[in-house]
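First comes the structure, then the notes that go with it.
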Amino acid sequence: MTRPASDSIAVAGTHSGKGPWMRAGQKLRRDYYGLAGLLIVLLYFFIALGVWLGFWGQDWSAAGGGQWESAGREHWLGTNRLGQDIFQRAVFSVRTAFEIGLVVAVLSTLIGAVLGAVAGYFSGRWIDELVLWLKGVLDAIPFYLFVAAIAFAFKGSAYAMHIAMISTFWTTTGRLVRGEVIKLKHQEFVEAAKAIGLDEMRIIFRHILPNTTHILLVQATIVFVSAIKSEVILSFLGLGVQDGVSWGLMIAESTQEVLVGQFYNFITASLFLFILVMGFNLFSDALQDALDPRSTGSRP
Amino acid sequence: MALLQYSLRKLFYGIPLILGVTFISFLLMVYYGPDRTFELLGKNPSAEQIEQVRHQLGYDRPFLLRYAGYLKELATLNFGFSDSTGERVGSILKRTVPITLALVLPGFVLGNLAGIVLALIAAWHRGRWLDKLIMGGSVIGMSISFLIVIIAFQVIFSTPYGFNWFPVRGWEVHDLASYSRYVTVPTLATVFVTLGYNTRFYRAVLVEEMSRDHVRTARAYGTPPAVLLYRNVLKNSMIPIITRVMFSIPLVVISGSLLIESYFGIPGVGKVTFDAITTGDQPILKAIVGLTAVLFVVILLLTDILYRAVHPRIDLK
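One line per chain: the protein sequences are L and V, in this order.
Just so we're aligned, residue 89 is where the first sequence starts under this note's numbering, counting upward by one.
Just so we're aligned, residue 52 is where the second sequence starts under this note's numbering, counting upward by one.
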């Protein structure tokens, strides 16, 4: 990584030891769209925390109203066909979305990091071939069929969707990490680690992998978005959330309602989903810009 | 001759991929999949009857033999009969694949073309308001779920709550007029959903190419923008463009059509796949997974040949 000349003078002057992370943070702070995105994500996370702790969204399944009531003081965003409160359901679904997004993002990033790093370090050897083959195979199975297959195999387990997403969403992360590790493994710090006789696994996971954190962070945000978007479609197809409520299930309910002119359920679930995905996309873009050593800090 | 040799070798290298895909899906869907023994039996079956049905279904054969049987089905393209309708799987596919192609092709072509055009505009005006407008639009487009777009477009274009111009669902196509009536809303939805992703991807590719020296030189010589964008930028960006277009084909045919067809009730491959998923119709699922894997390998090969066509310097070896 080369710094612009003026920058390095400033660093030398202040002895602040400005690392790439500090500079990324500074870049991020100037990126107002990215900050707005982060704010949206944090707000949703706060809502999800409240649902977890039982502060709100607990009455999502109670049929406390009549069929298709309009928005009002009693039911802020009206009720659905069964008289359930749409606002409560949408709020509870924030928790569902975060559960799916976090689990899938963390685990698939972890798998992608480990497999990508090992494949990259041993590139050209059998273990690399094996990982590339696995990635090719998983990419070649149609996703919905794969989810269905997992659901068959796990006898309709509530986690079939999670398992299917985790086992397919790591492939892009794995490919990017592998490429980066191939670049890194010829650098001097790796040579040095080898020269003092460090064990290969230690070199891969303690010395090389931490240098791909910028890829992992950005990928995790992208996978999070993919996971909650896939949940909606899978739940509509009947392959997604099995118990509880989610935006996907709400939209699936609403497909019958919109044809008779009842739009509250559809619009509420769609907006809740859209705003979170939008926030994540903005944040993810800003993160990518900030962490990309090549970028100059100005958004494209 | 060299091309033929190359193609055969490439197809040969595709075998591990096909084996992997078929093995994993066979293991999950058939071996650990639903047991159909008791569906076919009457009430209070005797042990012999159970044994007989299990034998009929092949459940008593060892795993590897059953898997080999699947591979043989794939190699001979004879997948037997559907569990739910009893129709030959081959004839189901022959009937439904053309419908799916007719359904997804316009959206696929328009979505990519419009994406390239918007990306060219954005890349040419890089950093200015038009670029920001287009890129802002694509982030918004990327953030809206496909399902939401489909539902919203159906309400807007096909119900009395909107314009009510097109049929709500179905596929009764006899001629061009009826075709355009049924294909328009799905196409609009597909274009809307893919446009954001496509524009972003193509813009990144084009911007990279535009920052190269040969483009700057051509600009300095006063090449008109249209010629510059076509000859110097677009033609040199064909490799990533081809890669993206080619590799999205299997996704569009199976995954893309699955949602659209099951929502609009269009009897294409996606609908057949969806019904097979919900009823656990294994002969159909096996056929679709196996053929998708073959399609993938063929696309890998075609992509390489296309690379060669646009970049003569690339060697086929």
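Ideal placement from N, C-alpha and C gives every residue a C-beta, glycine not left out.
Of the residues assessed, Ile284 of chain L falls on the exposed side of the cut-off, its CB having fewer than 16 other CB atoms within 10 angstroms.
Asn369 of chain L: member of the alpha helix (DSSP H) spanning 352-379, first to last residue. No Cβ of chain V is located within less than 8 Å of the beta carbon of Val182 of chain L.
Contact between the region 261-272 of chain L and the region 298-313 of chain L is present: 3 or more CB-CB pairs across the two stretches fall below 8 Å.
CA-CA distance, Ala185 of chain L to Thr261 of chain L, rounds to 21 Å. Bridge partners of Phe132 of chain V according to DSSP: V:Arg139.
Interface annotation, Ala374 of chain L: not in contact with chain V, CB-CB separation never under 8 Å. In the structure shown, Thr73 of chain V falls within a helical segment according to DSSP collapsed to helix, strand and coil. Membership of Gln205 of chain V in the alpha helix (DSSP H) is indicated by the continuous run 197-209. Check the Cα spacing between Thr147 of chain V and each of V:Arg295, V:Gly319, V:Val361, V:Ser135: the tightest is with V:Gly319.
Going by DSSP, Ile321 of chain L is part of the alpha helix (DSSP H) stretching over 301-325. Just so you know, the alpha carbons of Phe208 of chain V and Leu108 of chain V end up roughly 47 Å apart. Listed along the chain, the chain L residues whose CB falls inside 7 Å of the CB of Gly71 of chain V are Trp221, Val225. Counting only residues of its own chain and dropping the five nearest sequence neighbours on each side, Gly273 of chain V has no CB closer than 7 Å to any other CB. Close partners of Ile202 of chain V in chain L (Cβ separation under 9 Å): Ile339, Ser342, Thr343, Val346, Phe354, Ser358. Judged by DSSP secondary structure, Tyr209 of chain L falls within the alpha helix (DSSP H) whose first and last residues are 174-209. Looking from the CA of Thr330 of chain V, the closest CA among V:Ala53, V:Phe77, V:Gly316, V:Gly84 belongs to V:Gly84. Cβ proximity to chain L below 7 Å picks out Thr343, Ala344, Phe347 from the region 343-360 of chain V. Sequence-distant partners of Lys317 of chain L (beyond 5 residues in either direction) whose C-beta falls short of 7 Å from its own C-beta, in its chain, are Val365. When the beta-carbon positions are compared, Tyr132 of chain L and Val182 of chain L come within less than 8 Å of each other.
Proximity to His274 of chain L across L:Asp287, L:Arg290, L:Ile296, L:Thr256 peaks at L:Ile296, based on C-alpha coordinates. With 16 or more other Cβ atoms inside 10 Å of its own Cβ, His250 of chain L counts as buried. With a threshold of 16 other beta carbon atoms within 10 Å, His265 of chain V falls short and is exposed. Inter-residue distance for Trp156 of chain L and Ser334 of chain L is about 19 Å (C-alpha atoms, whole angstroms).
The DSSP assignment places 114-127, 140-175 as complete runs of the alpha helix (DSSP H) inside the region 104-186 of chain V, in order along the chain (cut-off: 4 residues). When DSSP states are grouped into helix, strand and coil, Thr274 of chain V belongs to the coil group. Leu165 of chain L: not part of any alpha helix (DSSP H); DSSP gives it neither H nor E.
The DSSP assignment places 227-261 as complete runs of the alpha helix (DSSP H) inside the region 205-269 of chain V, in order along the chain (cut-off: 4 residues).
A check of alpha carbon separations from Arg60 of chain V across V:Tyr358, V:Ser133, V:Ala228, V:Val349 identifies V:Val349 as the nearest. Chain V places a beta carbon closer than 8 Å to that of Lys317 of chain L, counting this residue as a contact. Between Leu336 of chain V and Ala327 of chain V the beta-carbon gap is near 5 Å, inside 8 Å, which marks them as a contact.
At a C-beta separation below 8 Å, Gly326 of chain L has these neighbours in chain V: Thr329. Taking one beta carbon from each stretch, the region 146-165 of chain L and the region 198-206 of chain L have fewer than 3 pairs nearer than 8 Å; the two do not touch.
A straight line joining the alpha-carbon of Arg290 of chain L with that of Ser211 of chain L spans about 17 Å.
A Cβ-Cβ contact shorter than 8 Å links Val200 of chain V with Phe243 of chain V.
Distance check between Asn168 of chain L and each of L:Gly349, L:Leu220, L:Leu272 places L:Gly349 closest, using alpha-carbon atoms only.
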